[in-house]
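Here the structure is laid out as structure tokens; the discussion comes afterwards.
Protein chains in written order, with my numbering: chain A, 9 to 346; chain B, 5 to 300.
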């Protein structure tokens, strides 16, 4: 177990270094002179040119540039945004909670609906319910979420008028960011329930859009994992003991069936971040996804660089946690240690 | 499985066995027919489309589809904000989306398979180096990685293809590598080696054909991902640029008219969904048909 964790950590470190190389190479691979590209041919006075070069870290030998970049990354210094003139790390941290709140809600929604649906489909195998469920979940899995988000807006915001179209909360409220999670902050603030429900109504559509693909994946995984477990001998034994169907499913089957599902939920984090980039763009959600897209369209290279490093760090950490959790929950893997 | 028992005793060719299992899967057949439908559209778009996709009908802005109020027979699916026929654009869009995804799958298949063969067959340092590269690519969410590539190369159709291809490479490397590592220890490979077959011959002629089944499944699923990712980049304004009739780009254009002209949004999205669904159904069906464990 220890050796395995150590090996994983080494690979993780190598991967991280690799990501920093990718981020570092980014601006240096741009065809032409990135400084001129950013300043424009006319705006490039010698002073401005030199200052921009220094900000991008392009004014020294290549290897030194990289080592400096790595040193800065490990010290939390990811450069200054060209657009906002603020440190990239600050920009990231101010937006991260919004994405976290959205992603967490989406994943919660997907899990709470996906697992029960998967169980019912497995138990009612080869019935109308199972077939229609599998069909719907495959449609959900194939959903272009940037379109799905628009359809949700069309349906719930435009036609029914139930939810707002964009943002995290109505401009009427001035909520102090304590935790960064709007649902909690509105609860803590003196604005009362109205503010909370306002934030909730802003959150629900993007969360549904973002949670759709994970929901389909989780439900399908639960179903197939449950089907496998239900065929095991110990399930037959439990039934032979005279336990009710419900008891067999919940006490005996579910526990074992959920192990692969938990892994899949962990692996959904990548899907969530990818989805967040699109969902946040549609719903004008002020998170890191929209921030990254903006930085690409406005050629804000320090932000793209820093964003890549930070998002990859989140992904790598989550994958490690999933791996470790899998090892802990599955004793058979522990002894092998791969 | 009744159709199989009728043939008991007879030796079936692998293709025939495959087809017997595949055709029992109604979902997969439906997926296949969806794909064939869109392929026909893509190939024959110039003959099927009533108008040129970027022709502006100055007297027909934002005409709703035939079935809504104010619809007209001249423009069956209506027109967009610039007076372009939506049906024609969607038909040509199939060409763009499917064509680009085909390119994506071929590119990533070629690079991914080569890297996977080398990594699995050679092992050692080369294997480690390739796999670490794969780890790095996989530690970035797909769209983010594609966005990064676009940030370097600039937005555009071809660059979007390159970006999405890069994203798809790791899955092919992993599958081929795992398959090669399992195959290369088998007797037939050892036998061929003892006859003095070269490494290239062993890897490409002996081992590779036995990796095909999972590869075909993966390629089918990569097709659906490719269509989604290219449309997503188009939607974000980083892929195909207007006036190219690409489904994602059309959606991005139509966003502003969500309230007043919803058909401009619904139709391109439905096309994307249908094609992606088709490939996913087909991929699932292929996987089941190839998997001997399910043939009991």
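For glycine and all other residues, C-beta sits at the position ideal for the given N, C-alpha and C.
Beta-carbon proximity check, residue i vs residue j, cutoff 8 Å
i	j	result
residue 230(A)	residue 122(A)	yes
residue 282(B)	residue 256(B)	no
residue 57(B)	residue 93(B)	yes
residue 139(B)	residue 19(A)	yes
residue 287(A)	residue 217(A)	yes
residue 134(B)	residue 122(B)	yes
residue 258(B)	residue 109(B)	no
residue 65(A)	residue 76(A)	yes
residue 230(B)	residue 243(B)	no
residue 210(A)	residue 268(A)	no
residue 166(B)	residue 187(B)	no
residue 237(A)	residue 265(A)	yes
residue 158(A)	residue 269(B)	yes
residue 296(A)	residue 315(A)	yes
As assigned by DSSP and simplified to three states, the class of residue i
i	result
residue 300(B)	At residue 300(B), the pLDDT of 43 sits below 50, so the modelled position is not reliable; the number obtained from the coordinates is stated separately. Residue state, collapsed to three classes: coil.
residue 183(A)	coil
residue 69(B)	coil
residue 90(A)	coil
residue 21(B)	helix
residue 214(A)	helix
residue 124(A)	helix
residue 152(A)	coil
residue 95(A)	strand
residue 38(B)	helix
residue 287(A)	helix
residue 76(A)	helix
residue 302(A)	helix
residue 260(A)	helix
residue 232(A)	helix
residue 132(B)	helix
residue 205(B)	helix
residue 247(A)	helix
residue 241(A)	helix
residue 172(A)	coil
residue 177(A)	coil
residue 57(B)	coil
For residue i: DSSP bridge partner residues
i	result
residue 211(B)	Looking at the DSSP assignment, residue 211(B) forms no beta bridge with any residue, so it has no partner.
residue 89(B)	83(B)
Residue closest to residue i, alpha-carbon to alpha-carbon, out of the options
i	options	result
residue 288(B)	218(B), 71(B), 231(B), 264(B)	218(B)
residue 313(A)	147(A), 234(A), 81(A), 210(A)	81(A)
residue 209(B)	128(B), 42(B), 184(B), 49(B)	184(B)
residue 272(A)	221(A), 321(A), 213(A)	221(A)
residue 326(A)	120(A), 276(A), 142(A), 59(A)	276(A)
residue 175(A)	169(A), 212(A), 73(A)	212(A)
residue 190(B)	246(B), 290(B), 114(B), 206(B)	206(B)
residue 35(B)	106(A), 133(A), 147(A), 44(A)	147(A)
residue 78(A)	38(A), 99(A), 103(A), 30(A)	30(A)
residue 69(B)	31(B), 63(B), 84(B)	84(B)
residue 228(B)	105(B), 169(B), 240(B)	105(B)
residue 272(B)	89(B), 152(B), 155(B), 120(B)	89(B)
Rounded separation between residue i and residue j - CA only
i	j	result
residue 6(B)	residue 200(B)	Unreliable positioning characterises residue 6(B) in this predicted model, as indicated by a pLDDT of 45, which lies under 50. A coordinate reading is not provided.
residue 345(A)	residue 11(A)	Low local confidence applies: a pLDDT of 44 at residue 345(A) is under 50, so the model's placement there is unreliable, and no value is given.
residue 213(B)	residue 94(A)	55 Å
residue 9(B)	residue 19(B)	Residue confidence is low: residue 9(B) scores 47 on pLDDT, short of 50, so the model does not pin down where it sits. No coordinate-derived value is stated.
residue 173(B)	residue 180(B)	11 Å
residue 49(B)	residue 95(B)	5 Å
residue 193(A)	residue 101(A)	16 Å
residue 253(A)	residue 282(A)	40 Å
residue 190(A)	residue 201(A)	12 Å
residue 304(A)	residue 219(A)	25 Å
residue 137(B)	residue 279(A)	20 Å
residue 142(B)	residue 330(A)	15 Å
residue 168(A)	residue 160(A)	10 Å
residue 112(B)	residue 220(B)	13 Å
residue 300(B)	residue 286(B)	Here residue 300(B) scores only 43 on pLDDT, less than 50, and its place in the model is too uncertain to base an answer on.
residue 284(B)	residue 226(B)	9 Å
residue 63(A)	residue 319(A)	22 Å
residue 82(B)	residue 44(B)	22 Å
residue 177(A)	residue 163(A)	20 Å
residue 53(B)	residue 91(B)	7 Å
residue 176(B)	residue 117(B)	6 Å
residue 41(B)	residue 155(A)	22 Å
heavy atom of the ligand SAM below 7 Å from residue i C-beta
i	result
residue 93(B)	Judged by which ligands are present, the structure shown has none, so any question about the ligand SAM falls away.
Contact with chain E by residue i, beta-carbon distance below 8 Å
i	result
residue 225(B)	Judged by its chain identifiers, the structure shown contains no chain E, and its protein chains are A and B.
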